[in-house]
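Q:
In structure tokens:
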């Protein structure tokens, strides 16, 4: 394992700290008028998904974590876990539902995702920035109801509920941002 100074923090970097694996969500170097400089950071636990804020002295060093990502195809949900297949070796891997709870609303069968691992331990799933999902249920469009510029809820094929513009209908394929679950556009067919 290599040690790095907190001054070398980058968004997305994975570190080991307090007996857990953390991904840096954001950080800020602070140099007050009095006292020594420090780094304020938001870290997301790769094991629990919890986001916590930590402050480090600028002279502190932390250990980087050796994270492997493996490209795998999502096969199905068997009711208790999600099953993925390594596209090279055809080995199957089961990940408990609790570990992919947030990501499950974006997973479609046969979709290729990155599975995050550390020393043989499966930590979770890394989704692409956007996914294309089909609208399963939404209210019909009401003519002339576009002046407010608002939207309406739409339930996607995976169960995800997204606020969409009024012109979207059932059966439309939409591009959805996986970071915050928002509508991006209609998918190119």
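Residue numbers (the numbering used here): 64 to 252.
Backbone N, C-alpha and C define an ideal beta-carbon position, used for all residues, glycine too.
Keep in mind the model is a prediction, meaning the values are calculated, not measured.
State the start and end residues of the unbroken beta strand (DSSP E) segment that holds residue 77.
A: 77-80
Q: With contact counted as at least three CB pairs below 8 Å, one residue from each stretch, are the segment 171-188 and the segment 132-147 in contact?
A: yes
Q: Would you mind giving the Cβ-Cβ distance between residue 237 and residue 198, rounded to the nearest angstrom? I have them listed as a contact below 8 Å.
A: 6 Å
Q: Would you say the segment 150-163 touches the segment 91-108, given that touching needs at least three Cβ pairs under 8 Å?
A: no
Q: Roughly how many whole angstroms lie between the Cα atoms of residue 128 and residue 75?
A: 12 Å
Q: For the beta strand (DSSP E) that contains residue 219, what are its first and last residues?
A: 215-219
Q: According to DSSP, simplified to helix, strand and coil, what is residue 117?
A: strand
Q: With a threshold of 8 Å on Cβ separation, who are the neighbours of residue 110 within its own chain once the five nearest residues in sequence on each side are excluded?
A: 83, 84, 186
Q: Identify whether residue 97 lies in helix, strand or coil by the three-state DSSP scheme.
A: coil
Q: Kindly indicate which residue of 92, 242, 107, 116 has the alpha-carbon position closest to the one of residue 191.
A: 242
Q: With DSSP collapsed to three states, give me the class of residue 226.
A: strand
Q: Check for me: the beta strand (DSSP E) holding residue 124 runs from which residue to which?
A: 124-127
Q: Skipping 5 residues on each side, what residues in its chain have a beta carbon closer than 8 Å to that of residue 72?
A: 87, 90, 102, 104
Q: Name the two residues that bound the continuous beta strand (DSSP E) containing residue 145.
A: 144-149
Q: For residue 220, collect the residues of the same chain with a Cβ closer than 6 Å to its Cβ; drop the 5 residues on either side in sequence, then sort them by chain order.
A: 196, 197, 199
Q: Quick check on the burial criterion: 16 or more other C-beta atoms within 10 angstroms. Buried or exposed for residue 230?
A: Classification for residue 230: exposed.
Q: Could you pull the start and end residues of the beta strand (DSSP E) that residue 239 belongs to?
A: 236-240
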